[in-house]
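The sequence shown maps to residues 48 to 125 in the numbering used here. Ideal Cβ placement from N, Cα and C applies to all residues, glycine included. Here the structure comes first, spelled out in structure tokens, and everything after it is commentary.
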Amino acid sequence: MTDERLIRKFLNDKTHITIDDCDRILASCGYYLKKSSGSHRGYHHKGFQPITIVQSKKTKYVKIPYVNRIIKNLRLEE
Numbered sequence: 048m049t050d051e052r053l054i055r056k057f058l059n060d061k062t063h064i065t066i067d068d069c070d071r072i073l074a075s076c077g078y079y080l081k082k083s084s085g086s087h088r089g090y091h092h093k094g095f096q097p098i099t100i101v102q103s104k105k106t107k108y109v110k111i112p113y114v115n116r117i118i119k120n121l122r123l124e125e
């Protein structure tokens, strides 16, 4: 999936975003996984606020508030 299609998926289908989708879009924007402990993943980028994502044990999809946080921090709506 290209970055453009992935951005459209983040904006249009927030309920079906996987942790791999989050990892791919954050890596393409310069973030790197600094800390992973249990279900929490911490992504960092110099000069920007860190993003923490919690992966649910019951489903493979990331919860909508975390998706919204990624959209806001990466300014995908602009």
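Residue i, buried or exposed, once every other Cβ within 10 Å from all chains shown has been counted against 16
i: residue 111; result: exposed
i: residue 79; result: exposed
i: residue 95; result: exposed
i: residue 122; result: exposed
Nearest residue (CA-CA) to residue i, options the options
i: residue 50; options: 100, 75 and 67; result: 75
i: residue 115; options: 57, 105 and 52; result: 57
i: residue 191; options: 59, 82, 105 and 88; result: In the structure displayed, the chain extends from 48 to 125; residue 191 sits before or after that span and is not available.
i: residue 92; options: 52, 65 and 117; result: 117
Inter-residue spacing [alpha-carbon to alpha-carbon] between residue i and residue j
i: residue 61; j: residue 100; result: 14 angstroms
i: residue 25; j: residue 86; result: Only positions 48 to 125 of the chain appear in the structure, and residue 25 is not among them; the question remains open.
i: residue 82; j: residue 97; result: 11 angstroms
i: residue 102; j: residue 52; result: 22 angstroms
i: residue 125; j: residue 104; result: 32 angstroms
i: residue 90; j: residue 59; result: 23 angstroms
Cutoff 7 angstroms: residue i Cβ touching any chain C Cβ
i: residue 83; result: The question asks about chain C, but that chain is absent: this structure has only one protein chain.
Assumed close pair residue i, residue j - CB separation to whole angstroms, cut-off 8 angstroms
i: residue 63; j: residue 113; result: With 8 angstroms as the limit, residue 63 and residue 113 do not qualify as a contact, their Cβ atoms being about 13 angstroms apart.
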